[in-house]
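Read in order, the letters of the sequence shown correspond to residues -21 to -1, 1 to 89 in mature numbering (1 follows the signal peptide of the UniProt record, and there is no 0). Just so you know, even glycine gets a beta-carbon here, dropped at the ideal spot from N, CA and C. This one's a predicted model, so the numbers in the text were calculated from it and none came from an experiment. These notes are about the structure you will find just below.
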Amino acid sequence: MKAFNLSIAALLLSLSSLALAEGGGDRTFARAMVENQKAMERYAASQGKPAPVVQNYRYGMDLDIARVVSVTPPIKSCNVVPSRMTYEDSAGQLKTIEYQVMGQCRNNGS
């Protein structure tokens, strides 16, 4: 009976750590997006341009991409996660779009 109780306790502890990891992942995503925004604001200032406003990508959006400035690296997760791309359009304006990608997961071949 003691072994059974220890097994249940170990299972509950492992499940609670997974729940904490998920919340930690959300904070990691948010921190990555904030860091990207600050980096793009510094880049814009160094180029003498206004900071780009983050726009959510919509399917079928007409994107005028002349030069890619930055793409956030894939986040380690087995879920769909946010990513951002900052680019210059043909008029030289900086633009940032946020879109969803599949995170890098050991199980999805990444």
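So, residue i versus residue j, is the Cβ gap smaller than 7 Å?
i: V48; j: Y66; result: yes
i: V13; j: T75; result: no
i: S69; j: T51; result: no
So what does DSSP say about residue i, is it helix, strand or coil?
i: R37; result: coil
i: G71; result: coil
i: G82; result: coil
i: T65; result: strand
Starting from residue i, trace the beta strand (DSSP E) in both directions and tell me its first and last residue.
i: K28; result: From DSSP, K28 is part of no beta strand (DSSP E); its letter is neither H nor E.
i: S49; result: 46 to 50
Is residue i a contact residue of the ligand FMN, with contact defined as CB to any heavy atom under 6 Å?
i: V60; result: Absence of the ligand FMN from the depicted structure is noted, as is the absence of any ligand whatsoever, leaving it without description.
Q: Would you check if the segment 74 to 84 and the segment 57 to 64 touch, i.e. whether three or more CB-CB distances between them fall below 8 Å?
A: They touch, by the three-pair rule.
Q.
Using 8 Å as the cut-off, can you tell me whether the segment 12 to 21 makes contact with the segment 37 to 47, which would need three or more C-beta pairs spanning the two stretches below that distance?
A. When C-beta atoms of the segment 12 to 21 are compared with those of the segment 37 to 47, fewer than three pairs fall below 8 Å, so the two segments do not count as touching.
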